[in-house]
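Residue numbers (my numbering): 6 to 204.
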Ligand SMILES: NC(=O)c1ccc[n+]([C@@H]2O[C@H](COP(=O)([O-])OP(=O)(O)OC[C@H]3O[C@@H](n4cnc5c(N)ncnc54)[C@H](OP(=O)(O)O)[C@@H]3O)[C@@H](O)[C@H]2O)c1
């Protein structure tokens with residue numbers, strides 16, 4: 006689904022929007038709803054992890070499918086079972102987007118390990134992190150076969166030098182851009198000047 010293409014003399018990787026992958030969006034009913042919808046509109050099977058099911062509907066523009074995995078990702082054994090169950094039903098996961106709160110310190114490892122265990126090929130993980138990742142940019146350990154990409158959420162500096170946090174649309178658009186370009190590290194908005202962030 007990602008191919009190398011020439012771009013002004015450089016070889017860069019781009020995601021092709023055709024084809025069907027099994028994808029998962031952890032926390033895909035909140036600010037990443039736009040990512041969930043975009044993946045389905047481009048024909049992918051999207052498993053969405055959240056405690057309450059999202060309200061996604063298949064329209065004539067949408068060639069993919071949504072599947073809710075309703076689980077509290079702090080419940081480790083249930084989480085592992087649910088992710089394994091989704092892969093048994095829809096195949097190995099090739100693309101994952103994670104937005105996981107810090108009150109679930111094991112969820113990242115559990116989901117990533119489960120995906121790698123069933124992976125037939127290297128799979129991509131776009132890890133969405135809050136702006137505090139600016140102070141601690143080291144990626145977490147990832148299992149074999151995982152191609153780790155980090156998307157850090159920054160803020161918007163307005164022309165009058167006030168600042169604000171990103172809107173849900175800006176967050177989803179930034180994550181989609183990172184996926185399309187297969188960026189290993191990207192920032193949505195800005196992290197500079199750090200002292201200028203909203204308080
Ligand atoms: N730099 C920035 O601009 C920045 C950075 C971070 C956040 N934000 C903002 O902060 C706001 C709050 O963030 P948020 O995390 O509440 O965002 P959110 O994406 O709106 O909601 C969190 C997502 O994770 C799911 N979730 C939460 N806890 C879960 C659990 N224990 N198990 C399974 N799924 C769980 C939620 O569904 P369920 O509730 O149904 O489980 C939902 O899908 C956002 O609206 C965003 O705009 C801004």
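No residue lacks a Cβ here, since even glycine has one placed at the ideal position from N, Cα and C.
Nothing here was measured: the structure is a model prediction, and the numbers come from that model.
For residue 98, the uninterrupted beta strand (DSSP E) run begins and ends at 98-103, by DSSP.
Minimum Cα-Cα distance from residue 159 among the listed residues 147, 201 and 184 corresponds to 201.
Of the heavy atoms belonging to ligand 1, none sits nearer than 7 Å to the Cβ of residue 43. For residue 28, same chain residues with a beta-carbon under 8 Å away, outside a window of 5 residues either side, are 44, 49, 50, 51, 52, 98, 99, 100, 101 and 102 in chain order. Judged by DSSP in its simplified three-state form, residue 186 adopts helix. Two segments are said to touch when three or more pairs of C-beta atoms, one from each, lie closer than 8 Å; by this definition the region 110-120 touches the region 81-95. Considering only 24, 25 and 142, the residue with the shortest C-alpha distance to residue 132 is 142. For the pair residue 155 and residue 39, the CB atoms are not nearer than the 8 Å cut-off. The C-beta distance from residue 149 to residue 121 rounds to 6 Å, short enough to meet the 8 Å contact threshold.
For residue 95, the uninterrupted alpha helix (DSSP H) segment begins and ends at 81-95. Taken from the Cβ of residue 192, every heavy atom of ligand 1 lies 7 Å or farther away.
Around the beta carbon of residue 63, fewer than 16 other beta carbons sit within 10 angstroms, so the residue counts as exposed. Residue 167 has its alpha-carbon roughly 24 Å from the corresponding atom of residue 180. With a threshold of 7 Å, the Cβ atom of residue 159 counts as near ligand 1, since some heavy atom of the ligand is closer than that.
Taking the Cβ atoms as the reference, residue 171 lies roughly 6 Å from residue 193, within the contact range of under 8 Å.
Straight-line spacing of the CA atoms in residue 92 and residue 136 works out to 31 Å. Between the C-alpha atoms of residue 125 and residue 204 there is a straight-line separation of about 45 Å.
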